[in-house]
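Asker:
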């Protein structure tokens, strides 16, 4: 991923991102240095917090990256998958109902979600919910579209 531009964020921009993430995920992202990064070959905006890609914008909405969610584990909007789904989700597959063991009931269709594995609670991916949280556990069907996952270009990006 080639960097197109990189600049420090203003205090009000940081406040907006922090407030949005607190409202959506129930956690506070903190850091001394906040930089906005845009890429040549990718339309995602990424925010480096203390040099780490902690926040990305998906369709204009800020949300934690996989690294950010593992640094500050979300309390809400979490979909938990079983061990059998880990390799698929880690490779960027969409999340299917049979692999889900638990989902936040407050998730609405279209919400951004963190996808975590059940054994250690580590976040493997970020996705967009196709159905509400109380409809995610079941026998068949795709319920979350994968947007960012362990091992993708964003995950591998470093400054």
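Numbering (the working numbering), first residue to last: 18 to 176. From the three backbone atoms N, C-alpha and C, an ideal C-beta is built for every residue, glycine too.
#1: Quick check: what's the CA-CA separation for residue 109 versus residue 103?
#2: Per DSSP, which one or two residues make a beta bridge with residue 65?
#3: Should residue 58 be listed as close to the ligand NAP, given that the test is whether its C-beta is under 7 Å from any heavy atom?
#4: Thinking C-alpha only, which one of 73, 124, 95, 40 is nearest residue 134?
#5: What do you reckon, are the CB atoms on residue 147 and residue 160 nearer than 8 Å?
#6: Pull up the distance between the alpha-carbon of residue 145 and that of residue 66, whole angstroms please.
#7: Measure how close the beta-carbons of residue 136 and residue 100 come, nearest whole angstrom, since I'm counting them as under 8 Å.
#8: Can you round the beta-carbon distance between residue 55 and residue 22 to whole angstroms, since I take them to be within the 8 Å contact cut?
#9: How many Å lie between residue 32 and residue 51 at the Cα?
#10: Using three-state DSSP, classify residue 23 as helix, strand or coil.
#11: Tell me whether the beta-carbon of residue 19 lies closer than 8 Å to the beta-carbon of residue 57.
#12: Could you pull out every residue in the same chain whose Cβ sits closer than 6 Å to the Cβ of residue 61, ignoring the five residues on either side in sequence?
#13: Would you list the one or two residues that DSSP bridges to residue 159?
#14: Let's test the definition: count the other Cβ atoms within 10 Å of the Cβ of residue 163 and tell me whether it reaches 16, buried, or not, exposed.
#15: Among residues of its own chain, excluding the 5 on either side of residue 127, which ones have a beta-carbon nearer than 8 Å to its beta-carbon?
#16: Report, in whole angstroms, the separation of the C-beta atoms of residue 121 and residue 93, which I expect to be a contact under 8 Å.
Answerer: Quick look at the numbers:
#1: 10 Å
#2: 52, 70
#3: Absence of the ligand NAP is noted for the structure shown, with no ligands found whatsoever.
#4: 95
#5: yes
#6: 23 Å
#7: 6 Å
#8: 5 Å
#9: 11 Å
#10: strand
#11: yes
#12: 73
#13: 113
#14: buried
#15: 145, 146
#16: 6 Å
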